[in-house]
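Protein chains in written order, with the working numbering: chain A, 9 to 211; chain B, 9 to 211.
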């Protein structure tokens with residue numbers, strides 16, 4: 009079985025979205041800036057159906073995580089904020105959406121969205137079955153990541169730190185309370201637009 | 009005139025002290041762990057009057073910042089939490105303490121503490137005069153750093169990211185609101201216990 013991984017881009021002040029995120033503003037005020045490092049990368053463009061792009065340390069890192077991923081778990085709020093990722097979602101692997109309401113599976117392009125309403129452990133079991141030997145990637149948002157982290161279900165965290173201060177919005181690390189979580193730093197890759205910090209979570 | 013710098017160690021979740029920091033607990037519950045990377049360094053031990061210690065990338069970085077520093081500004085709460093740094097404070101340069109109450113200057117060892125009660129700009133002017141060609145280091149706490157950052161008075165920020173999650177305590181970046189602050193990453197040094205991220209603040 010693969011690992012359970014969580015990767016996300018944060019500002020230096022720890023936000024994964026700016027103020028007023030939602031279906032209209034997406035990542036909130038200033039939030040798009042977080043991802044400036046990714047849009048020109050060849051390994052980001054390819055799954056989005058775009059040709060060309062840059063090949064560098066960032067694109068290698070991203071290609072590696074995409075290649076390792078066999079299934080993705082996201083929260084319903086993220087699904088809504090991204091407006092379901094349109095007609096050609098960039099995942100190309102099964103996606104499991106945590107929700108409180110039953111809903112039929114949705115097939116768009118080669119991505120199937122399965123809506124799971126019986127908890128994070130059930131979603132993880134289904135995602136692991138779908139991923140086979142590959143990893144399950146927890147795609148976010150923050151609340152979903154916090155739930156998996158607190159439940160001791162994550163093996164690895166990778167934070168892409170963007171060099172900016174958002175001053176408000178959705179904090180990645182919040183509501184963890186006194187859950188005892190030990191981290192071991194396993195890799196740092198620095199590039200001009202972003203710094204990638206990877207940690208193993210002690211189980 | 010030198011730069012106005014701010015350096016501090018944070019947890020991966022952005023705390024510079026754990027819950028219940030204060031004169032009794034110092035850096036709060038779990039807060040001492042933040043600084044585990046520093047205590048064995050030769051360049052930390054020397055100003056604390058201790059012999060020996062390790063020489064590595066961390067100690068070089070620390071020696072460089074100590075050498076560049078001509079004066080330090082701290083908040084009164086930090087002064088109290090550190091219990092005035094005892095009889096032999098490790099600064100060895102003039103220290104300016106922001107406070108609301110007038111108080112006589114205090115000389116301990118070769119460190120003079122001057123209490124400034126007419127605002128952050130006055131403290132900076134006094135510190136710059138004392139520092140001469142060297143830098144002024146904003147020593148903290150978080151609230152003091154936030155005030156200087158919001159006022160556009162910082163030239164450089166260096167965050168030492170410790171690979172741990174505190175889950176609560178004093179957040180470094182808070183109360184910044186919609187102050188527009190632009191950062192440019194200028195250096196990253198990674199070592200086993202900590203990652204040093206340095207940024208230039210656009211003025």
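Using N, Cα and C, we set each Cβ at its ideal position, and we do this for glycine too.
Asked: Counting pairs of beta carbons, one from the segment 183-194 of chain A and one from the segment 32-44 of chain A, are three or more of them closer than 8 Å?; Found: no
Asked: In the DSSP assignment, what residue or residues form a beta bridge with residue 116 of chain A?; Found: A:119
Asked: Can you give me the Cβ contacts of residue 97 of chain A inside the same chain, cut-off strictly under 7 Å, excluding the 5 residues immediately before and after it?; Found: 116, 117 and 119
Asked: Looking only at its own chain, which residues have a Cβ that is under 8 Å from the Cβ of residue 173 of chain A, when we skip the five neighbours before and after it?; Found: 19, 20 and 21
Asked: Taking the C-alpha atoms as reference points, what is the distance between residue 89 of chain A and residue 114 of chain B?; Found: 56 Å
Asked: Less than 8 Å separating the Cβ of residue 19 of chain A from some heavy atom of the ligand COA?; Found: The ligand content of the structure shown is nil, which means the ligand COA is not present either.
Asked: Do residue 171 of chain B and residue 209 of chain B have their C-beta atoms closer together than 9 Å?; Found: no
Asked: Quickly, what does DSSP pair residue 84 of chain A with across the bridge? List them, please.; Found: For residue 84 of chain A, which the question treats as bridged, DSSP gives no partner whatsoever.
Asked: Chain B partners of residue 187 of chain A, CB-CB under 7 Å?; Found: 175
Asked: Hey, would you say residue 150 of chain B sits closer than 9 Å to residue 180 of chain B, going by beta carbons?; Found: yes
Asked: Could you list which residues in chain B have their beta carbon closer than 8 Å to that of residue 68 of chain A, in chain order?; Found: Here the premise fails: no neighbours, minimum Cβ distance about 17 Å.
Asked: Does DSSP put residue 189 of chain A in a helix, a strand or coil?; Found: coil
Asked: Does any CB atom of chain A fall closer than 9 Å to the CB of residue 13 of chain B?; Found: no
Asked: Where do the N-terminal and C-terminal ends of the beta strand (DSSP E) with residue 128 of chain B fall, by residue?; Found: It is not in any beta strand (DSSP E) - residue 128 of chain B instead sits in the alpha helix (DSSP H) that spans 128-139.
Asked: With a threshold of 6 Å on Cβ separation, who are the neighbours of residue 24 of chain B within its own chain once the five nearest residues in sequence on each side are excluded?; Found: 16, 18, 150, 178 and 180
Asked: What number of angstroms, rounded off, separates the C-alpha of residue 162 of chain A from the C-alpha of residue 135 of chain A?; Found: 13 Å
Asked: Going by C-alpha distance, which of A:48, A:65 and A:164 is nearest residue 59 of chain A?; Found: A:48
Asked: If we call anything under 9 Å between Cβ atoms a contact, is residue 148 of chain A one with residue 78 of chain A?; Found: no
Asked: Using CA coordinates, which residue listed in A:142, A:166, A:167 and A:186 is at the minimum distance from residue 159 of chain A?; Found: A:186
Asked: Find out if the Cβ-Cβ distance for the pair residue 55 of chain A, residue 81 of chain A is shorter than 9 Å.; Found: no
Asked: I want to see whether chain B comes within less than 9 Å of residue 152 of chain A, judged by CB atoms only; does it?; Found: no
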